[in-house]
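**Student:** Using numbering that gives the first Met the number 0, the first residue of the sequence shown is number 0, and each one after it goes up by one. By construction, the Cβ of each residue, glycine as well, lies at the ideal position given by its N, Cα and C atoms. Can you read through this structure? Questions will come right after.
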Amino acid sequence: MASKDFWLNYKDFLKQEFVRRRNFMNRKLFFAISCVLLVLLLGVAVATAHELAEEGTALQDGVTTKGGAISLASSVANKISYHGQLTDANGNPLNGTVNLIFQFWDDAAAGNQVGSDIVKNEVPVNDGLFTVELDVPENAFNGDARWLRVQVNGEWLTPRTELLAVPYALGLKPGAVMQGQDGQIILRMKESGGNDIFTVNEDGRVFIDSHSTLGRRDGSAIFVRRTNPNAGVGIWSQTQGNAQPLVVENTTGWGALITGFGNDGGSDAEFVVKNDGRVVIDSHTDGTSRDGAAVFVRRSNPGTGVGIWSQTQGNGEALVVENVTGSGALIKGFGNNGGQADFVVHNNGQVDASILRITGGSDLSEQFEIRGAEADPRPSPGMVVSIDPENPGELLVSAEAYDKKVAGIISGAGGINPGMLMGQADTAADGEFPVALTGRVYVQADASSGPIQPGDLLTTSDTPGHAMKVIDHEQAQGAILGKAMTALDEGQGLVLVLVSLQ
0 MASKDFWLNY
10 KDFLKQEFVR
20 RRNFMNRKLF
30 FAISCVLLVL
40 LLGVAVATAH
50 ELAEEGTALQ
60 DGVTTKGGAI
70 SLASSVANKI
80 SYHGQLTDAN
90 GNPLNGTVNL
100 IFQFWDDAAA
110 GNQVGSDIVK
120 NEVPVNDGLF
130 TVELDVPENA
140 FNGDARWLRV
150 QVNGEWLTPR
160 TELLAVPYAL
170 GLKPGAVMQG
180 QDGQIILRMK
190 ESGGNDIFTV
200 NEDGRVFIDS
210 HSTLGRRDGS
220 AIFVRRTNPN
230 AGVGIWSQTQ
240 GNAQPLVVEN
250 TTGWGALITG
260 FGNDGGSDAE
270 FVVKNDGRVV
280 IDSHTDGTSR
290 DGAAVFVRRS
300 NPGTGVGIWS
310 QTQGNGEALV
320 VENVTGSGAL
330 IKGFGNNGGQ
340 ADFVVHNNGQ
350 VDASILRITG
360 GSDLSEQFEI
370 RGAEADPRPS
380 PGMVVSIDPE
390 NPGELLVSAE
400 AYDKKVAGII
410 SGAGGINPGM
420 LMGQADTAAD
430 GEFPVALTGR
440 VYVQADASSG
450 PIQPGDLLTT
460 SDTPGHAMKV
470 IDHEQAQGAI
480 LGKAMTALDE
490 GQGLVLVLVS
500 LQ
């Protein structure tokens with residue numbers, strides 16, 4: 000009898016164990032199904048979050064977006080839906096409420112938690128089914144692997160579940176590669192009118208506001224076009240500190256670094272920066288006249304503007320020309336005479352010119368050091384000066400009538416400036432004062448020996464620095480300053496004189 004009871008109890012035990020194990024397997028199955036649903040929903044959310052704000056469609060040859068702007072915050076919330084089913088030990092669906100905690104981790108078993116706990120208390124469960132919205136931590140999905148950990152009423156479920164992406168989401172995660180075939184567009188953005196405003200070709204070329212892929216943009220890595228003629232710029236680059244705002248480099252080829260086209264409708268470049276650093280402006284041919292030129296500028300319109308205009312403020316130089324080691328000229332000027340240079344500035348300072356016109360003064364002067372007279376030690380413009388016998392190469396203020404050592408007149412009196420200055424620095428042929436040797440200047444004159452009339456010969460006088468009318472022509476031989484061009488009836492004053500030393 001005892002043996003029979005034993006077997007009956009054992010059969011009941013086996014039946015209960017079978018039910019318990021079946022319920023346990025059902026719970027695992029439900030949890031697995033829930034995780035699969037979660038993974039699918041996460042994939043859909045990731046794919047949706049990378050679409051553009053207004054409307055987007057995933058294409059096999061790329062991604063097409065409309066509206067012209069990308070905005071995640073305005074179209075997709077940072078939430079995902081989680082669905083699950085709960086049963087009791089006998090496999091019966093639960094009803095009521097449960098407390099849930101969700102965590103994102105960067106490892107299947109250990110690692111670090113990503114973000115904070117997502118707590119969902121008193122979640123309604125109807126016929127075993129429940130749904131919650133999980134707030135995804137900022138930057139939680141950056142392309143690295145993630146696992147989900149779930150707690151139900153204080154009990155953590157194991158193992159953690161890896162979160163996987165749906166196929167199209169893989170093409171949009173950070174670091175993803177989008178590939179296309181020949182002739183296909185990898186990425187395209189359209190404006191509201193349907194025109195492309197941003198495209199990326201299969202060979203990596205980028206077109207901004209490009210309505211076709213023909214013509215000058217063929218082979219371009221980046222093509223930018225601004226169709227509105229009254230607003231904005233095509234490219235704006237700004238930087239601070241020591242960084243370069245724009246770097247253009249041609250490492251092996253011979254093509255130009257920068258080529259600029261105007262609105263004349265032609266195919267000739269208006270501005271070219273060659274890969275050897277030379278700059279050509281308004282060059283429509285490749286003639287030999289600019290070979291080797293660092294900058295070549297041509298103004299093809301004969302009635303408008305200038306070729307080069309340089310302006311500065313403060314103490315900076317408006318233009319500096321330097322030839323460091325070569326023998327070539329610093330400046331060459333060509334007229335319309337068939338190619339012959341009309342003006343040349345050599346690198347040793349020599350100037351060649353067909354005609355030299357000076358408009359700032361009217362005399363030819365040399366620079367001298369001048370010793371003043373005892374009564375008036377400081378030389379001044381208009382004074383007559385003579386050779387200083389005690390100081391070779393220098394002059395002194397004349398104080399003797401009919402002085403055969405007369406040298407000229409200090410230039411600058413009466414508002415008439417020197418026209419040309421000569422001298423050699425740091426030699427005996429240098430000095431502080433410009434002395435007119437020829438030309439028209441004002442001279443300080445004394446009419447005490449007689450009134451001065453235009454045409455009278457002038458010579459030195461006993462009055463320091465002053466000229467007078469020649470009275471004794473024999474004594475004046477070798478002491479003539481020049482001829483008076485204005486009159487002085489009496490006293491002392493300025494007389495315009497045509498300097499002609501005799």
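For Gly414, name the three-state secondary structure that DSSP assigns.
**Tutor:** helix
**Student:** Please identify the residue among Gln339, Ser447 and His465 whose C-alpha is closest to the C-alpha of Val396.
**Tutor:** For Val396, the closest alpha carbon among the candidates Gln339, Ser447 and His465 is that of His465.
**Student:** With DSSP as the reference, label Met484 as helix, strand or coil.
**Tutor:** coil
**Student:** Look up Val343 in the DSSP assignment and give the residues it is bridged to.
**Tutor:** Lys331 and Asp351
**Student:** What's the C-alpha gap between Ser447 and Ala424?
**Tutor:** So the two alpha carbons sit approximately 40 Å from each other.
**Student:** What residues are listed by DSSP as bridge partners for Val319?
**Tutor:** For Val319, which the question treats as bridged, DSSP gives no partner whatsoever.
**Student:** Out of Met419, Thr459, Pro463 and Gly114, which has the shortest C-alpha to C-alpha gap to Arg145?
**Tutor:** The residue from Met419, Thr459, Pro463 and Gly114 with its alpha-carbon nearest to that of Arg145 is Gly114.
**Student:** Which class does Met467 belong to by DSSP, given the choice of helix, strand or coil?
**Tutor:** strand
**Student:** Distance, Cα to Cα, Ser361 vs Asp445?
**Tutor:** Roughly 23 Å between the two C-alpha positions.
**Student:** Could you give the C-beta distance for Pro453 and Met484, rounded to a whole number, given that I count them as a contact under 8 Å?
**Tutor:** Here Pro453 really is in contact with Met484; their C-beta atoms are around 6 Å apart, less than 8 Å.
**Student:** Should Trp104 be labelled buried (16 or more other beta-carbon atoms within 10 Å of its own) or exposed?
**Tutor:** buried
**Student:** Less than 9 Å separating the beta-carbons of Glu543 and Arg370?
**Tutor:** Here the chain covers residues 0 to 501 and nothing more, so residue 543 does not appear.
**Student:** Could you tell me which of Ala164, Gln112 and Phe101 sits nearest to Val131, measuring between CA atoms?
**Tutor:** Of the residues Ala164, Gln112 and Phe101, the one whose Cα lies closest to the Cα of Val131 is Phe101.
**Student:** Any idea what DSSP makes of Phe103, helix, strand or coil?
**Tutor:** strand
**Student:** What residues in its chain sit with their C-beta under 7 Å from that of Gly438, if we drop five residues either side in the sequence?
**Tutor:** Excluding residues up to 5 positions away in sequence, Ser361, Asp362, Leu363, Gly418 and Val498 lie with their Cβ nearer than 7 Å to the Cβ of Gly438 in the same chain.
**Student:** With distance defined between alpha-carbon atoms, name the residue in Ala108, Asp471 and Gly422 nearest to Glu365.
**Tutor:** Gly422
**Student:** State the start and end residues of the unbroken beta strand (DSSP E) segment that holds Ser448.
**Tutor:** Here Ser448 belongs to no beta strand (DSSP E), and DSSP marks it neither H nor E.
**Student:** Beta strand (DSSP E) containing Glu121: first to last residue?
**Tutor:** Gln112 to Val124
**Student:** Note down the Cα distance separating Ser74 from Asn138, rounded to an integer number of angstroms.
**Tutor:** Any answer about Ser74 is weak, because its pLDDT of 41 lies below 50 and its placement is not dependable; what the coordinates show is given next. Approximately 17 Å, taken between the alpha carbons.
**Student:** Do Ala406 and Phe367 count as a contact pair if the criterion is CB distance below 9 Å?
**Tutor:** yes
**Student:** Let's see if you can read the secondary structure: which residues bound the beta strand (DSSP E) around Arg277?
**Tutor:** Taken as a continuous stretch (DSSP letters only), Arg277 belongs to no beta strand (DSSP E), as it is neither H nor E.
**Student:** Helix, strand or coil for Asp455? Go by DSSP, reduced to three states.
**Tutor:** The answer is coil: DSSP assigns Asp455 none of H, G, I, E or B.
**Student:** Which residues mark the beginning and the end of the beta strand (DSSP E) in which Phe140 is found?
**Tutor:** First-last for Phe140: undefined, no H or E at that position.
**Student:** Do Val384 and Pro378 come within 9 Å of each other at the CB atom, strictly closer than that value?
**Tutor:** yes
**Student:** Quickly, what does DSSP pair Met421 with across the bridge? List them, please.
**Tutor:** Glu365.
**Student:** Would you call the CB atoms of Gly411 and Val440 closer than 9 Å?
**Tutor:** yes
**Student:** Please state whether the Cβ-Cβ distance between Leu256 and Val272 is less than 9 Å.
**Tutor:** yes
**Student:** What's the call for Ile354, buried or exposed, on a 16-neighbour Cβ count within 10 Å?
**Tutor:** For Ile354, the number of other beta carbons within 10 angstroms of its own is below 16, and it is reported as exposed.
**Student:** Check for me: the beta strand (DSSP E) holding Lys404 runs from which residue to which?
**Tutor:** Unbroken run through Lys404: none, as it is neither H nor E.
**Student:** With the cut-off set at 9 Å, would you say Leu147 and Leu128 are in Cβ contact?
**Tutor:** no
**Student:** What is the DSSP secondary structure of Val246, reduced to helix, strand or coil?
**Tutor:** coil
**Student:** Could you give the distance in angstroms between the alpha-carbon of Cys34 and the alpha-carbon of Val199?
**Tutor:** Model confidence at Cys34 stands at a pLDDT of 44, short of 50, so the residue's coordinates are unreliable; what they give is reported in the following sentence. For Cys34 and Val199, the distance between alpha carbons rounds to 37 Å.
**Student:** Quick check on this structure: which residue in Lys468, Asn77, Thr459 and Pro433 has the alpha carbon closest to the alpha carbon of Glu489?
**Tutor:** Lys468
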